[in-house]
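Novice:
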Amino acid sequence: MGLSSQSSSAVVVGSVSLASVDCHWLSRPSWACEPQLPRRTLQGHTLLRGAEVGEAACEPENDMEEELWPVDLVGGYYDAGDNVKFGFPMAFTTTMLSWSVIEFGGMMKGELENARAAVRWATDYLLKATAHPNTIYVQVGDPNKDHACWERPEDMDTPRSVYKVDSSNPGSDVAAETAAALAAASLVFRKSDPAYSKLLRNRAISVFEFADKYRGSYSNGLKNVVCPFYCSYSGYQDELLWGAAWLHKATKNPTYLNYIEANGQTLGADESDNTFGWDNKHVGARILLSKAFLVQNLKSLHDYKGHADNFICSLIPGTPFSQTQYTPGGLLFKMGDSNMQYVTSTSFLLVAYAKFLTYSSKVVSCGGTTVTPRKLRSIAKRQVDYILGDNPQKMSYMVGYGARYPQQVHHRGSSLPSVAAHPAKIPCSAGFTALYSSAPNPNPLSGAVVGGPDAMDRFPDQRSDYERSEPATYINAPLVGALAYLAHSSGQL
1 MGLSSQSSSA VVVGSVSLAS VDCHWLSRPS WACEPQLPRR TLQGHTLLRG
51 AEVGEAACEP ENDMEEELWP VDLVGGYYDA GDNVKFGFPM AFTTTMLSWS
101 VIEFGGMMKG ELENARAAVR WATDYLLKAT AHPNTIYVQV GDPNKDHACW
151 ERPEDMDTPR SVYKVDSSNP GSDVAAETAA ALAAASLVFR KSDPAYSKLL
201 RNRAISVFEF ADKYRGSYSN GLKNVVCPFY CSYSGYQDEL LWGAAWLHKA
251 TKNPTYLNYI EANGQTLGAD ESDNTFGWDN KHVGARILLS KAFLVQNLKS
301 LHDYKGHADN FICSLIPGTP FSQTQYTPGG LLFKMGDSNM QYVTSTSFLL
351 VAYAKFLTYS SKVVSCGGTT VTPRKLRSIA KRQVDYILGD NPQKMSYMVG
401 YGARYPQQVH HRGSSLPSVA AHPAKIPCSA GFTALYSSAP NPNPLSGAVV
451 GGPDAMDRFP DQRSDYERSE PATYINAPLV GALAYLAHSS GQL
């Protein structure tokens with residue numbers, strides 16, 4: 001998987017490269033070409049807006065002669081260290097970056113406009129991907145073929161196949177997450193750009209209607225190209241609840257509150273899953289809906305405070321409900337593959353929930369243990385401190401921050417020489433020399449957070465170890481909100 005190149009001062013979506021695809025001429029056997037587009041800059045940082053590719057990328061994958069129609073898919077983000085645009089994690093990244101701005105944008109100071117620009121880059125793409133009714137273009141690029149090469153985005157010549165969900169091949173999970181992203185982003189622009197906010201909100205409404213009406217997991221119809229990369233392992237029920245929660249917040253239309261009240265239990269509102277990330281949104285939905293009770297005093301959502309409390313209690317060591325593993329050095333540990341994504345998403349939820357509890361003068365009761373908002377903030381701070389260097393390795397897991405940080409990041413564009421330094425094309429297989437090299441990356445991904453150490457706090461810093469050395473947009477997006485709060489409130493937990 002792969003992260004590519006955007007960073008902007010302190011607010012970053014992971015040093016993420018802005019990959020783009022121009023006008024895709026699609027037939028039912030989807031294919032596309034990706035011509036070179038000019039670069040532009042944001043806050044002095046180059047944004048990659050196209051890739052120089054060979055003719056092979058513009059050839060259809062079969063000889064079927066069918067009517068072609070144009071689909072503009074310029075923009076968006078690569079997910080991590082490869083050259084594929086995966087719509088499912090991209091939408092989640094957008095939702096979480098938007099939520100960071102919604103809750104803590106007032107603490108971002110001069111970085112707020114950078115954060116809005118990063119959100120808008122994603123939503124401009126999502127608007128294009130949802131431009132046709134009851135259809136969402138959910139992926140650009142064949143990951144199996146992409147992963148068979150180690151190429152800079154500028155040299156990319158793998159097929160730019162385009163994949164979609166529609167009424168015949170539904171994808172309620174990716175559709176509802178896309179609706180959540182558009183709805184959340186509409187709140188980001190509500191005051192700064194009301195017309196754009198309205199466009200996002202209206203599109204979110206129609207996309208959610210599609211997600212709910214045509215039910216099914218996108219992993220079923222697109223299994224060969226989304227699995228095992230971004231399979232929807234948790235199903236689509238969590239996204240429907242999450243999407244409805246965001247539409248309720250963005251529109252204030254009672255239709256969505258009625259939907260949540262009628263369907264919450266069947267969509268898993270009270271399930272005991274306690275992992276929040278690009279796949280499973282149940283915990284995030286509980287925290288978001290608890291705000292409606294705690295802050296807006298919406299009595300019908302009282303139960304979501306209890307559901308959110310259950311998640312909090314699962315994190316507190318020594319309580320009867322504790323279910324969470326921590327490394328010897330104190331890092332929350334959920335999974336061996338890109339564990340840091342769960343650290344950043346949980347840290348965000350902790351500071352957000354602490355904010356809601358403080359507003360309503362509430363606490364969390366975990367058996368005989370009372371957990372205060374201050375305790376939640378201190379747990380989040382401990383996790384963020386670990387990320388930034390207070391750990392057994394004495395290493396910051398954010399590239400470019402501190403005296404010691406990962407040097408061999410699993411990322412194509414970062415590990416290969418820049419076009420300025422090496423103008424000649426680096427072919428598909430030739431790049432693997434860089435993958436297995438022990439030399440530091442020549443193009444540091446400033447701001448990117450990698451997958452992180454193992455359960456014993458060990459981090460080998462090897463480029464080939466993608467589970468620990470690969471960055472991703474969905475690692476950084478929730479961290480933006482947590483960092484904004486902690487930087488603003490240092491010493492005031």
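Just so you know, this note's numbering puts 347 at position 347 of the sequence shown, and the rest follows in order with no gaps.
Backbone N, C-alpha and C fix where the C-beta goes; we use that ideal spot for every residue, glycine too.
The structure presented is a predicted model; accordingly, all values stated were derived computationally and were not measured.
How big is the Cα-Cα spacing for Val283 and Thr275?
Specialist: Straight-line Cα distance between these residues: approximately 7 Å.
Novice: Mind checking whether Cys428 and Asp82 have CB atoms under 8 Å apart?
Specialist: Taking 8 Å as the Cβ cut-off, Cys428 and Asp82 do not qualify as a contacting pair.
Novice: Going by DSSP in three states, Ile287 sits in which element: helix, strand or coil?
Specialist: Looking at Ile287 - three-state DSSP - the assignment turns out to be helix.
Novice: Tell me, please, which residues DSSP counts as bridged to Leu240.
Specialist: None, per the DSSP bridge assignment.
Novice: In chain order, what are the residue ranges of uninterrupted beta strand (DSSP E) at least 3 long that sit wholly in the segment 360 to 397?
Specialist: Runs found: 364 to 366, 369 to 371.
Novice: Just the C-alpha distance for Val207 and Leu298, rounded to the nearest angstrom, thanks.
Specialist: Roughly 26 Å between the two C-alpha positions.
Novice: Quick one: grab the DSSP three-state call for Pro70.
Specialist: The answer is strand: DSSP assigns Pro70 an E or B state.
Novice: Sort Leu126, Gly413, Gly221 by Cα distance to Ala180 and report the nearest one.
Specialist: Looking at the Cα atoms, Leu126 is the closest of the given residues.
Novice: Candidates Pro228, Glu113, Val226: which alpha carbon is nearest Lys191's?
Specialist: It is Glu113.
Novice: Give the straight-line distance between the Cα atoms of Leu68 and Leu331, rounded to the nearest whole angstrom.
Specialist: Note that Leu68 scores 49 on pLDDT, short of 50, meaning its location in the model is unreliable; the coordinates nonetheless yield the value given after this. Roughly 51 Å between the two C-alpha positions.
Novice: Check the DSSP bridge columns for Thr135 and list the partner residues they point to.
Specialist: Looking at the DSSP assignment, Thr135 forms a beta bridge with Asp166.
Novice: Around the C-beta of Ala262, are 16 or more other C-beta atoms found within 10 angstroms, so that it is buried, or is it exposed?
Specialist: The residue in question, Ala262, is exposed, as its Cβ has fewer than 16 Cβ neighbours within 10 Å.
Novice: Pull up the distance between the alpha-carbon of Ala477 and that of Phe229, whole angstroms please.
Specialist: About 19 Å.
Novice: DSSP puts Tyr326 in a beta bridge; with which residues?
Specialist: DSSP lists Leu332 as partners of Tyr326.
Novice: What does the Cβ neighbour count give for Lys252, buried or exposed, with the cut at 16 atoms within 10 Å?
Specialist: By the neighbour-count rule (16 or more Cβ atoms within 10 Å), Lys252 is not buried but exposed.
Novice: Over the uninterrupted alpha helix (DSSP H) stretch that includes Asn495, give me the two end residues.
Specialist: This structure does not reach residue 495, given that the chain is present from 1 up to 493, and the question cannot be answered.
Novice: Along the chain, where does the alpha helix (DSSP H) that runs through Val188 open and close?
Specialist: Here the alpha helix (DSSP H) through Val188 covers 172 to 188.
Novice: Could you tell me if Asp270 is buried or exposed, where buried requires 16 or more neighbouring beta carbons within 10 angstroms of its beta carbon?
Specialist: The residue in question, Asp270, is exposed, as its Cβ has fewer than 16 Cβ neighbours within 10 Å.
Novice: Going straight from the alpha carbon of Ser167 to that of Gly221, what length do you get?
Specialist: Ser167 and Gly221: Cα-Cα distance of roughly 11 Å.
Novice: Considering only residues of the same chain and omitting the five flanking positions on each side of Arg120, which have a CB-CB separation below 7 Å?
Specialist: The answer is none, since no qualifying residue turns up.
Novice: Do Ala434 and Ala80 come within 8 Å of each other at the CB atom, strictly closer than that value?
Specialist: For Ala80 and Ala434, no; Cβs fall outside 8 Å.
Novice: Grouping DSSP H, G and I as helix and E and B as strand, with all else coil, what is Ala487?
Specialist: In this structure, Ala487 counts as helix in the three-state DSSP scheme.
Novice: Is the Cβ of Ala80 closer than 8 Å to any Cβ of chain D?
Specialist: Absence of chain D from the displayed structure is noted, only one protein chain being present.
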